[in-house]
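What follows is a set of notes on a single structure, which appears directly below.
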Amino acid sequence: MNERLLDVKNLKISFQNKKGTVPVVDGVDFHIDRREIIGIVGESGCGKSVTAMSLLQLNASNTVYGADSQILYEGEDLLKKSPKELRAIRGKEISVVFQDSLTGLDPVLPLRKIMVEAIRSHRNVSKREALQESISMLASVGIPAPEVRINEYAHQLSGGMRQRVMIALAMLHHSHLLIADEPTTALDVTIQDHILQLIKTVRDEADMSVLLITHDMGVVAEMTDRVYVMYAGHVVETGTTADIFEAPLHPYTKGLLKSIPRLDQPDNERLYSIPGSVPLPGTIRQGCRFCNRCPYATEKCRQQEPPAFRFSGKQVKCWQYESVMEEFL
């Protein structure tokens, strides 16, 4: 069996404002094994990125974590780490590729300074050694003329090249975990495929695990080993990628899959979309969070929040499966 790298337990995240606290993630559990690629999928506003950024406490300063929440990385709770201890983990043990690559690259520094500083902040090497390693790493992720590009600024690079630089930064320290938050957003289809294949290559060659955040079910199908489907701050379904695509259980998961364009779809047929929208954080007081958009909702769904039911490795939060699945405690 694979060795467990990350284990997130009962993750609760709220944002403080003048009126109090607003819950945005409520009781999320997931884990990642070594060399595994898992996907967290859902519409915008479901809490995917907030969940991912919580691993390194990169959320806004008004973020409050649940008292009993745990983020166990190699057995140690990251939520109990000091800011200094977290800085030693960020970039070295756990790296991030952001949706907007300009977010992760200082716009006033050339790549040379960004990469050399990243190396020397964690290792005692000379500037010359760090520079040569940086150039080699840019070459390894497919950036042409790396000895020229390393003197350029982020705004001089295309979106695809910036994402390659972010992946190169993740590889500099042989990070154990790469968080890829919508890494192919706003890239054309060809570049998207190159970036996704590069992430797979990095996983295979560097023994790196990957947490992939996306709303694109096609990317999930191609990239991941297991999938966590999030809706309104909850994980509503979990399973292997094959199980999720071949036999989805939750009505929300079914809706997401039904929304994928098909090659055999008639030209005059409208693409399916799930009615309604994701509820605002803190507005659901009782019942299933998806019931207002669900075609199968009953009065029980509107009154009681479903627990997690499980069967044969799959897990789903839906009252439809109360009689056929075991409640997960």
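In terms of the numbering used here, the numbers along the sequence shown are unbroken and rise by one, the last being 355.
Backbone N, C-alpha and C define an ideal beta-carbon position, used for all residues, glycine too.
| Query | Result |
| --- | --- |
| So P49 is in the beta strand (DSSP E); what residue range does that whole segment cover? | 46 to 59 |
| Mind checking A86: buried by the 16 CB within 10 Å criterion, or exposed? | exposed |
| Look at D126 and N36 and say whether their C-beta atoms are less than 8 angstroms apart. | no |
| Just the C-alpha distance for R188 and T47, rounded to the nearest angstrom, thanks. | 36 angstroms |
| The alpha helix (DSSP H) with R154 in it runs from where to where? | 153 to 166 |
| Opposite N43 in the DSSP bridges: which residues? | G46 |
| Counting only runs that start and end within the segment 182 to 264, where is the beta strand (DSSP E) found for 3 or more residues in a row? | 203 to 207, 235 to 240, 252 to 257 |
| Assess contact between the segment 105 to 114 and the segment 187 to 203, defined as three or more Cβ pairs (one per stretch) separated by less than 8 angstroms. Is contact present? | no |
| Which same chain residues, not among the five before or five after Q223, have their C-beta less than 6 angstroms away from its C-beta? | none |
| What are the partner residues of S121, as DSSP defines its beta bridges? | L204 |
| Going by the CB atoms, is the gap between I120 and D132 shorter than 8 angstroms? | no |
| Below 8 angstroms on the Cβ atoms is my contact criterion, and I expect G14 with V50 to pass it. Report the Cβ-Cβ distance as a whole number of Å. | The chain is shown from 27 up to 355; residue 14 falls before or after that span and cannot be answered. |
| Of the residues K45, I63, H57, which one's Cα is nearest the Cα of V261? | H57 |
| What does the alpha-carbon distance come out to for the pair E259 and D52? | One point to set straight first is that residue 259 is Gly, not Glu, in the sequence displayed. In a straight line, the C-alpha of G259 is about 5 angstroms away from that of D52. |
| Would V255 pass as a contact of T210 if the rule is Cβ separation under 8 angstroms? | no |
| Considering only residues of the segment 261 to 342, which uninterrupted beta strand (DSSP E) runs meet the minimum length of 3 residues and lie entirely inside it, listed in chain order? | 334 to 337, 340 to 342 |
| Does the count of Cβ pairs from the segment 170 to 181 and the segment 197 to 206 closer than 8 angstroms reach three? | no |
| Residues in the same chain with beta-carbon distance under 8 angstroms from Y347, minus the five sequence neighbours each way, listed in chain order, please. | L275, F335, F337 |
| On the CB-based measure, 16 or more other CB atoms within 10 Å of its CB, does V134 come out buried or exposed? | exposed |
| Tell me which residue opens and which closes the beta strand (DSSP E) that V381 is part of. | Summary: the structure shown does not reach residue 381, with the chain confined to residues 27 through 355, and so no result is reported for it. |
| Out of curiosity, what's the CA-to-CA distance linking D269 and S160? | 41 angstroms |
| Take the Cβ of R149 as the centre, count every other Cβ of all protein chains shown within 10 Å, and call the residue buried at 16 or more, exposed below. | exposed |
| Which residues in the same chain have their Cβ closer than 7 angstroms to the Cβ of I286, if we skip the five residues on either side of it in sequence? | M243, G244 |
| Roughly how many whole angstroms lie between the Cα atoms of I64 and D219? | 18 angstroms |
| Using a 10 Å radius around the Cβ and a threshold of 16 neighbouring Cβ atoms, would you call R296 buried or exposed? | exposed |
| Measure the C-alpha to C-alpha separation of C314 and G265 and round it to an integer number of angstroms. | 20 angstroms |
| What do you get for S108, buried or exposed, if any count of 16 or more other CB atoms within 10 angstroms of its CB means buried? | exposed |
| Ordered along the chain, which non-local residues of its own chain (more than five positions away) have a Cβ less than 8 angstroms from that of Q312? | R328, Q329, Q330, E331 |
| I need the straight-line Cα distance from M27 to Y298, nearest angstrom please. | Note that M27 scores 45 on pLDDT, short of 50, meaning its location in the model is unreliable; the coordinates nonetheless yield the value given after this. Cα-Cα distance, rounded: 39 angstroms. |
| Can you say whether K343 is buried or exposed, counting buried as having 16 or more other CB atoms within 10 angstroms of its CB? | buried |
| By the DSSP assignment, the alpha helix (DSSP H) with L81 in it spans what residues? | Note, L81: premise wrong, no alpha helix (DSSP H); not H, not E. |
| For E143, does the three-state DSSP call read helix, strand or coil? | helix |
| Rank R138, S147, A206 by C-alpha distance to the C-alpha of V174 and give the top, closest one. | R138 |
| May I have the straight-line CA-CA distance separating L31 from M234, to the nearest angstrom? | 10 angstroms |
| Relative to the C-alpha of Q42, which candidate in R60, V90, V228 has its C-alpha closest? | V90 |
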